[in-house]
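Undergrad:
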Amino acid sequence: QVKYKILSLPKYQHLEFSEPVYIEKRKDILGGYGYWTKETILYPGESLSFITSAKNNLRKRDD
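This is the structure in structure tokens:
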């Protein structure tokens, strides 16, 4: 397992993963935390910590 942290992004971002990741912690409780997902949305200033147990590709969109 590998743990990653995204500390803060300046603008809205839609993150898509090729394999499910475990959302361990979020700065903002809007989306909650403690769940598995293949995509999530980060809002400006929000931080995110996630764990993946497989090789994973990340696609970032800001649309």
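For the sequence shown, the numbering used here assigns the number 136 to the initial residue and increments by one for each residue that follows. Built from N, CA and C at the ideal position, the CB exists for glycine as well.
Report all residues from its chain with a CB closer than 6 Å to the CB of residue 184; omit the five preceding and five following residues, and keep chain order.
TA: By 1-based counting over the sequence shown, the position of residue 184 is 49. Closer than 6 Å at Cβ, skipping near neighbours: 140, 159, 160.
Undergrad: Out of 162, 180, 169, 196, which one is the CA nearest neighbour of residue 155?
TA: Stepping through the sequence shown from its first residue, residue 155 is reached at position 20. Out of 162, 180, 169, 196, 169 has the C-alpha closest to the C-alpha of residue 155.
Undergrad: Tell me the DSSP secondary structure of residue 144 in three-state form.
TA: On the sequence shown, position 9 is the one that residue 144 refers to. It is coil, neither helix nor strand.
Undergrad: Is the separation between the beta-carbon of residue 148 and that of residue 177 shorter than 8 Å?
TA: What you label residue 148 is simply residue 13 of the sequence shown in a count that begins at 1. What you label residue 177 is simply residue 42 of the sequence shown in a count that begins at 1. Closer than 8 Å, so yes.
Undergrad: Report the three-state DSSP secondary structure of residue 155 (helix, strand or coil).
TA: Reading the sequence shown from its first residue, position 20 is the one you call residue 155. Correct three-state label for residue 155: strand.
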